[in-house]
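Take the sequence shown: its letter number 58 is residue 58 in full-length UniProt numbering, and every next letter is one higher. Ideal Cβ placement from N, Cα and C applies to all residues, glycine included. First comes the structure, then the notes that go with it.
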Amino acid sequence: MNYDITIEYKDGRVSMKFLGVDFFALDKVFGTMPIKKLSNYCFGIFNTEPDEPTYIQSSDNNISEIVSVPITNPHSLIEFFRSIPDREDFSIYKLKIDFNDFSMLYDDDCMLVIEGKCSDNAEFKFFNRLYRDICDTLENED
Numbered sequence: 001m002n003y004d005i006t007i008e009y010k011d012g013r014v015s016m017k018f019l020g021v022d023f024f025a026l027d028k029v030f031g032t033m034p035i036k037k038l039s040n041y042c043f044g045i046f047n048t049e050p051d052e053p054t055y056i057q058s059s060d061n062n063i064s065e066i067v068s069v070p071i072t073n074p075h076s077l078i079e080f081f082r083s084i085p086d087r088e089d090f091s092i093y094k095l096k097i098d099f100n101d102f103s104m105l106y107d108d109d110c111m112l113v114i115e116g117k118c119s120d121n122a123e124f125k126f127f128n129r130l131y132r133d134i135c136d137t138l139e140n141e142d
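The structure is reproduced here in C-alpha cells:
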C-alpha cells in the first residue's frame with residue numbers, strides 16, 4: 001500500500017502528516033503513551049440498542065458512555081473499538097489527543113497528523129524516532 005507522507009520543520013515546530021493510516025495501527029505506536037488531554041473527538045457507534053446511533057463527542061463530554069475506565073493512554077479507547085466485531089458499526093470522525101510533548105490528530109479520512117515543538121536536538125531525535133516508528137508500523141501492516 002502507498003502512503004502519502006508530509007513532514008515540515010519550521011520556526012521551531014514540526015508537523016508530520018500521514019494518509020492511509022488504519023486506526024488500529026495507532027495502538028502499536030501510541031498505545032502506552034500517557035495522555036495529557038483528549039482535546040477533541042467525535043465518534044459514531046451504529047447498530048446499537050435502541051436503533052439510534054450513538055455519537056460521542058468532546059463538546060458533550062460523554063465519553064463515559066463507551067469507556068467506563070479513565071482513559072490514561074490511547075490503548076483503552078482503541079481496545080473498545082477493537083471489541084466491536086464489525087468495522088462498519090463505528091466511525092472515528094475525529095480524535096485529537098494532547099500528549100506532553102506533541103499532539104496527534106486522527107480523522108475519518110485515515111489521516112494522522114503529529115504536531116509539536118521541535119527546537120533542540122533532543123526534540124528532533126524524539127520526532128525522528130516517532131516518524132520511524134510510524135513508518136515501521138505502516139510497513140508491517142502491508
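Among the options, whose alpha-carbon lies nearest the alpha-carbon of residue i?
i: ILE7; options: LYS96, ARG87, ILE134 and HIS75; result: ILE134
i: GLU141; options: GLN57, ASP60 and PHE23; result: PHE23
i: SER91; options: ARG132, ARG82, ARG13 and LEU38; result: ARG82
i: LEU112; options: ALA122, ASP27, ASP120 and LYS10; result: ASP27
Note down the Cα distance separating residue i from residue j, rounded to an integer number of angstroms.
i: ASN110; j: ASP51; result: It is Cys, not Asn, that sits at residue 110 in the sequence shown. Going from the Cα of CYS110 to the Cα of ASP51 covers about 27 Å.
i: LEU138; j: LEU130; result: 12 Å
i: PHE80; j: GLY20; result: 21 Å
i: ILE84; j: PHE18; result: 25 Å
i: LYS125; j: PHE99; result: 17 Å
i: VAL29; j: ASP136; result: 9 Å
i: LYS117; j: LYS36; result: 16 Å
Once you ignore the five residues that flank residue i on each side, which residues in its own chain have a CB closer than 6 Å to its CB?
i: SER103; result: GLU115
i: LYS96; result: SER39, ASN40 and LEU105
i: PHE46; result: PRO53 and ASP89
i: ASP107; result: LYS94
i: SER15; result: GLU8 and GLU115
i: GLY31; result: PRO74 and HIS75
i: SER58; result: ASN40 and TYR41
Over the uninterrupted alpha helix (DSSP H) stretch that includes residue i, give me the two end residues.
i: ARG129; result: 121-141
i: residue 217; result: Summary: the structure shown does not reach residue 217, with the chain confined to residues 1 through 142, and so no result is reported for it.
i: ARG13; result: Looking at the DSSP string, ARG13 is not in any alpha helix (DSSP H); the run it does join, the beta strand (DSSP E), is 13-19.
i: ILE78; result: 74-82
Spatial neighbours of residue i within its chain, please: CB distance less than 8 Å, with the 5 preceding and 5 following residues excluded, ordered by chain position.
i: GLU65; result: THR54 and ILE56
Specify the secondary structure class of residue i as computed by DSSP and reduced to three states.
i: ASP108; result: coil
i: LYS94; result: strand
i: VAL67; result: coil
Following the continuous beta strand (DSSP E) through residue i, name the residue where it begins and the one where it ends.
i: ASP4; result: 4-10
i: PHE46; result: Counting along the chain, PHE46 falls outside any beta strand (DSSP E), and DSSP gives it neither H nor E.
i: THR54; result: 54-57
Report all residues from its chain with a CB closer than 7 Å to the CB of residue i; omit the five preceding and five following residues, and keep chain order.
i: LEU77; result: VAL67 and ILE71
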